[in-house]
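Working notes, structure below.
There are 2 protein chains.
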Amino acid sequence: MTDPVPIVTALDRAGYRLTEPRRALAVLIAEQDGHFTAAALVSSAQARQLGVGRATVFRTLDTLEEIGAIERLDLPSGEHAYVACELAHHHHIVCSRCGRTVEIDDAGLRPVVREVARQTGFRVEDHRLELFGLCPACQDGRAASA
Amino acid sequence: MTDPVPIVTALDRAGYRLTEPRRALAVLIAEQDGHFTAAALVSSAQARQLGVGRATVFRTLDTLEEIGAIERLDLPSGEHAYVACELAHHHHIVCSRCGRTVEIDDAGLRPVVREVARQTGFRVEDHRLELFGLCPACQDGRAASA
DNA sequence: CCGAGTCGTGAGATTGAGTCTCATGTGTGC
DNA sequence: GCACACATGAGACTCAATCTCACGACTCGG
Chain A
34 MTDPVPIVTA LDRAGYRLTE PRRALAVLIA EQDGHFTAAA LVSSAQARQL GVGRATVFRT
94 LDTLEEIGAI ERLDLPSGEH AYVACELAHH HHIVCSRCGR TVEIDDAGLR PVVREVARQT
154 GFRVEDHRLE LFGLCPACQD GRAASA
Chain B
34 MTDPVPIVTA LDRAGYRLTE PRRALAVLIA EQDGHFTAAA LVSSAQARQL GVGRATVFRT
94 LDTLEEIGAI ERLDLPSGEH AYVACELAHH HHIVCSRCGR TVEIDDAGLR PVVREVARQT
154 GFRVEDHRLE LFGLCPACQD GRAASA
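Those protein sequences? They're chains A and B, same order as listed. The letter at position 26 of the first sequence is residue 59 when you use my numbering, and the numbering goes up by one with no holes. The letter at position 130 of the second sequence is residue 163 when you use my numbering, and the numbering goes up by one with no holes.
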């Protein structure tokens, strides 16, 4: 994702105002290759003198998550990160070296969930699958620009 | 799990000292039915006048996670919680009403992971699957003692 | 049984992410 | 344009988690 337009469009369609800070954040988010943290956005915004406050960054992230334009990840380190993503239900695989994030589809997970429901008697309402590993580039020993 | 002995034994085998605070925390953890937070342990310890400090709770949780006696979960709310658990690789399903946590085995996840690796070219090193839903008791409308 | 060394502990200070408040600014519909 | 509601920013605030360091307790050797 290098195009902020889908994010802006999604905001518009959901009935949110298209304000300057939101557009600026959409650009910043669109520039991120893999996942990014709220703190990183805050400091990028400060570094570029965008005049966007902490509160606005967090509020906008909440809003974007609500409309499904980004999704929250929990990294193994315990950090909270976000990824810009498509709207359909899917999961992520995160490169543990360079941080690149790739979306994956359900990839046969549904039968697994059904089987778990059968075994445990739970009615499964939601699930999250997160995979961590090395992306092809990092496997080749070419350290990516972390 | 209602027996603190496995936790204590695991600590001993890993070469850690069997101190009073650690035994006390093992008992508290063993009493938890589902997941629990660090904050909950801290306040339980205070409530029972165990004289166990915050720092010790966090240190002990880190240690127990390292030896695999407990595992960390990230709840959808963003909270960090822990579950006492067996040592083999497995996942968890969490009741979103009463908080009860049940361990599940890999349940056919391995082929899914292989498929994702094939599609993306990643070398998958680790994965986490978390399921959220209603446990059988809560489905029956009997609100559990949250 | 005792003494010494080391590992573990507690209290409190500190950090840092995230939230809240409220006066001010800005989009949007009319 | 105007007016009004929504959105914003600065900074105070909260709360989880970490760090520090002097003190305490477990273990092992004698």
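Note that CB positions come from ideal geometry on N, CA and C, so glycine has one too.
DSSP places A/Glu136 in no alpha helix (DSSP H) but in the uninterrupted beta strand (DSSP E) bounded by 134–137. Between A/Cys168 and A/Cys118, the gap from beta carbon to beta carbon reaches 8 Å or more. Here A/Ala88 is exposed: its Cβ has fewer than 16 other Cβ atoms, across all protein chains shown, within 10 Å. Remark: C-beta atoms of B/Phe155 and A/Gly132 do not approach each other more closely than 8 Å.
Counting along the chain, the unbroken alpha helix (DSSP H) around B/Ala78 starts and ends at 71–80.
Put simply, the backbone Cα of B/Leu106 is about 33 Å away from that of A/Pro37. Spanning the alpha carbons of A/Val60 and A/Arg50 requires a straight line of approximately 16 Å. Contacts between A/Gly48 and chain B, judged by CB atoms closer than 8 Å, are missing: the closest CB pair is about 25 Å apart. Under a criterion of Cβ atoms nearer than 9 Å, the residues of chain A adjacent to B/His160 are, in order, Ile126, Leu162, Glu163, Leu164, Phe165, Gly166. At least 8 Å separates the CB of B/His123 from every CB of chain A. At least one CB of chain B lies nearer than 8 Å to the CB of A/Gly111.
With at least 16 other beta carbons inside 10 angstroms of its own, A/Ala57 counts as buried. As the crow flies, the alpha-carbon of A/Pro54 is around 50 Å from that of B/Pro54. Excluding residues up to 5 positions away in sequence, Pro54, Ala57, Leu58, Ala78 lie with their Cβ nearer than 7 Å to the Cβ of A/Val85 in the same chain. Using a CB distance cut-off of 8 Å, B/Leu94 does not count as an interface residue toward chain A.
Contact between the stretch 141–150 of chain B and the stretch 138–152 of chain A is established, with three or more Cβ pairs separated by less than 8 Å. Residues of chain A with a Cβ closer than 8 Å to the Cβ of B/Leu97 do not exist, since the nearest Cβ in that chain sits about 15 Å away.
In summary, the residues of the stretch 136–147 of chain A whose CB is separated from some CB of chain B by less than 8 Å are Ile137, Ala140, Gly141, Leu142, Pro144, Val145, Val146, in the order they occur in the chain.
Beta-bridge analysis with DSSP links A/Cys118 to no other residue. Using a Cβ distance threshold of 8 Å, B/Pro39 and A/Asp159 do not count as a contacting pair.
Not a single CB atom of chain B sits nearer than 8 Å to the CB of A/Gln82. In the three-state reduction of the DSSP assignment, B/Leu108 falls in the coil class, being assigned neither a helical nor a strand state. At a beta-carbon threshold of 7 Å, the residues of chain A lying near B/Val149 are Ile126, Ile137, Ala140, Leu164, ordered along the chain. CA-to-CA, the gap between A/Val75 and A/Thr93 works out to about 11 Å.
Put simply, the backbone Cα of A/Ala63 is about 5 Å away from that of A/Thr35. Looking at the backbone, the Cα of B/Glu104 and that of A/Thr52 are separated by about 43 Å. Listed in chain order, the non-local C-beta contacts of A/Leu97 below 6 Å within the same chain comprise Ile103, local neighbours out to five positions each way being set aside. Contact between B/Val116 and B/His68 holds: their C-beta atoms lie close to 5 Å from each other, under 8 Å.
Just measuring C-alpha positions, the residue of B/Ala150, B/Val149, B/Leu164, B/Gln152 sitting nearest A/Ala150 is B/Leu164.
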